[in-house]
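Asks: I am attaching a structure below and will ask some questions about it afterwards.
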């Protein structure tokens, strides 16, 4: 994992922390399962993906992403950046 990827993960963690500032009861890191822990609902996940697309200047391929095992920041970044 390179420094750019780590910086992107940090930016997304900050986004999640700001989004959940009043309700967060789970410490968030790159491996936190955001969907199964209830940290983010589905609309917030879409917002996080939009932020990821903006930060990384890429398009997220929803057709090939399978969130069945949950959504993590690291998983989203890996899916987007390969």
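Numbering (this note's numbering), first residue to last: 620 to 701.
Even glycine gets a Cβ: it sits at the ideal position worked out from N, Cα and C.
On a predicted model such as this, the values are computed, not experimentally measured, just so you know.
Is the CB-CB distance between residue 648 and residue 668 below 8 Å?
Replies: For this step, residue 648 is matched to residue 29 along the chain shown. For this step, residue 668 is matched to residue 49 along the chain shown. Contact: no.
Asks: How would you call residue 628, buried or exposed, if buried means at least 16 neighbouring beta carbons within 10 angstroms?
Replies: Taking the chain shown and counting its residues from 1, one reaches residue 628 at position 9. Buried, because 16 or more other Cβ atoms sit within 10 Å of the Cβ of residue 628.
Asks: Quick one: using the 10 Å Cβ neighbour count with 16 as the cut-off for buried, is residue 656 buried or exposed?
Replies: Here residue 656 is taken as the residue at index 37 of the chain shown, counted from 1. Under this definition residue 656 is an exposed residue.
Asks: Going straight from the alpha carbon of residue 661 to that of residue 654, what length do you get?
Replies: Along the chain shown, one-based indexing puts residue 661 at 42. Along the chain shown, one-based indexing puts residue 654 at 35. Cα to Cα, the separation comes out at about 8 Å.
Asks: In whole angstroms, what separates the C-alpha of residue 697 from that of residue 641?
Replies: In the chain shown, residue 697 corresponds to position 78, counting from 1. In the chain shown, residue 641 corresponds to position 22, counting from 1. Answer to the nearest angstrom: the Cα atoms are 29 Å apart.
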